[in-house]
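Residue numbers (UniProt numbering): 1 to 462.
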């Protein structure tokens, strides 16, 4: 392991701004540590001022039918709504300080979604309050304004926190080439340590306060997977893997350049906060929308199971949930009361313990319907890895490397493994689907899985 000399960050602002930053750095840092993002304020005023400017340019100071207060309230609400869209688009997550992010495409896409939504709403309310031309101008001007605010706050962040502290892992020749690229661009980042050996990588990262770790070849990456990479993720270190010419043939889409070298960011299986909240909001809204259809079905199943299975028709069972915590799931009882007299057993397709009149419900997964209550409580999601029993999960963790990573999200009623695999698929195969889901999560993917689940249920595919 070798250390690199510390670089000085060049001035990014005029001297009077530098003086102001120095005077207010302590209170600003205190606010920052409590999670406040100045970007919220910059973006709000950027959008608000853009709306005011667009209306003044188009209509001057005389706008019929609406008072000044009416406009100010309306512009504030529109700005807040667009901020929410930006939030759920991940535009307020703290990003790596290394490299030069391309914000304009992401900002434009998020604003396009927000502006289109406002246009649809005004079709049914007051189309003259927010004319279509104004919305188009807001998309153009707002995209430029929000992109500018990000460059401004990024420079403020660099002044407050300093350059990215970079560690490089790989062969010596590749390290020398990469370091020379960093030295030619002093604002790119500061290389503070290099190594080929990953056995003590945690100590290196901690002692040098490394923020970004670059892996220059797949061999050194393999020696650190799955641990200590998992621990590095917990420490908040951003991990980057160099992409070779051969690996580009795999169709990698999330490639970015660092020092002129192609890298892909190694994403944690954990969803970002905005993604978790969006997923939770989607679950609750969808349940509310489908409740007129689902509630009568639930009543029917309750009556049917009560008649077919007897008084003890609701089955409670402990399952492993998010972060390995156990919780109680509810199911319709489809097996005999003495089904587990000999201890926990994995169910099979033709399990003799299943009550004959309940087999159709099991094949349609209808016995899982009571778990909607777990979804409402927030213990489960509509889509996610299926929760396992503690006894089963313990055995799988001992036999299958990385199995515990599937608990980094709330478990789901259905998942990628359920719509692509089979009921009796091997745990290793299900884990592959679950990890793919965690890495590639999106709202569109959840919708696709739910639609495929409907097909699986209706076709009674097992």
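We put the beta carbon where it would ideally sit given N, CA and C, even for glycine.
Under a Cβ-count criterion, where at least 16 other Cβ atoms within 10 Å of its own Cβ denotes burial, should residue 377 be classed as buried or exposed? exposed
Outcome for residue 240 when other beta-carbon atoms lying within 10 angstroms are tallied against a minimum of 16: Residue 240 comes out buried.
Return the first residue and the last residue of the beta strand (DSSP E) that residue 400 is part of. No beta strand (DSSP E) contains residue 400, which DSSP labels as neither H nor E.
Please classify residue 182 as buried or exposed, where buried requires at least 16 neighbouring CB atoms within 10 angstroms. buried
Under the three-state reduction of DSSP, which class applies to residue 316: helix, strand or coil? strand
Checking 9 angstroms against the spacing of the C-beta atoms, do residue 332 and residue 309 come in under that value? yes
So is residue 160 buried or exposed if we call it buried at 16+ other beta carbons inside 10 Å? Looking at its Cβ environment, which holds fewer than 16 other Cβ atoms inside 10 Å, residue 160 is exposed.
What is the rounded straight-line gap between the Cα of residue 465 and the Cα of residue 303? Residue numbering for the chain in the displayed model covers 1 to 462; residue 465 lies beyond these limits and cannot be assessed.
Buried or exposed for residue 326, going by 16 or more other Cβ atoms inside 10 Å? With fewer than 16 neighbouring CB atoms inside 10 Å of its own CB, residue 326 falls in the exposed class.
Three-state class that DSSP yields for residue 452 in the structure shown: helix
Does the beta carbon of residue 105 sit closer than 9 angstroms to a beta carbon anywhere in chain C? Among the protein chains of the structure shown there is no chain C, as only one such chain exists.
Per-residue burial, residue 150 [other beta carbons within 10 Å of its own, 16 or more giving buried]: buried
For residue 472, report the span of its alpha helix (DSSP H) as first-last. No information on residue 472 is available, as it lies outside the stretch 1 to 462 that the chain covers here.
Out of 243, 51 and 402, point me to the one whose CA is closest to residue 80's CA. 51
Residues sharing a beta bridge with residue 262, DSSP: 257
Apart from the five residues just before and just after residue 318, which ones in its own chain have a Cβ nearer than 7 angstroms to its Cβ? 326, 328, 389 and 390
Look at the Cβ atom of residue 82, then the Cβ atom of residue 115, and state whether they are nearer than 9 angstroms. yes
Alpha carbon to alpha carbon, what distance is there between residue 212 and residue 158? Their backbone Cα atoms lie some 14 angstroms apart in a straight line.
Limits of the unbroken alpha helix (DSSP H) element including residue 203: 201 to 208
How far does the alpha helix (DSSP H) with residue 332 in it reach, from first residue to last? In the DSSP annotation of this structure, residue 332 is not part of any alpha helix (DSSP H); the continuous beta strand (DSSP E) holding it starts and ends at 326 to 332.
Under 6 angstroms Cβ to Cβ from residue 251, same chain only, skipping five residues before and after it: list those, please. In this predicted model, residue 251 has a pLDDT of only 49, less than 50, meaning its place in the structure is not dependable enough to derive any value.
Contacts around residue 35, its chain only, beta-carbon distance under 8 angstroms, and the 5 residues preceding and following it disregarded: The predicted model places residue 35 with a pLDDT of 42, which falls under 50 and marks its position as unreliable, so this point remains unresolved.
On the three-pair Cβ rule with 8 angstroms, is the segment 400 to 420 touching the segment 378 to 385? yes
Taking only the alpha-carbon atoms, compute the straight-line gap between residue 78 and residue 301 and give it to the nearest angstrom. 44 angstroms
Closest residue to residue 428 among 442, 404, 111 and 441 (Cα-Cα distance): 404
By how many angstroms is the C-alpha of residue 95 removed from the C-alpha of residue 167? 17 angstroms
Give the C-beta separation of residue 107 and residue 147 to the nearest angstrom, bearing in mind that I take them to be a contact with Cβ-Cβ under 8 angstroms. 5 angstroms
Nearest to residue 435 (by Cα), restricted to the options 271, 207 and 451: 271
Which first and last residues belong to the alpha helix (DSSP H) in which residue 215 is found? Counting along the chain, residue 215 falls outside any alpha helix (DSSP H), though it belongs to the beta strand (DSSP E) covering 212 to 215.
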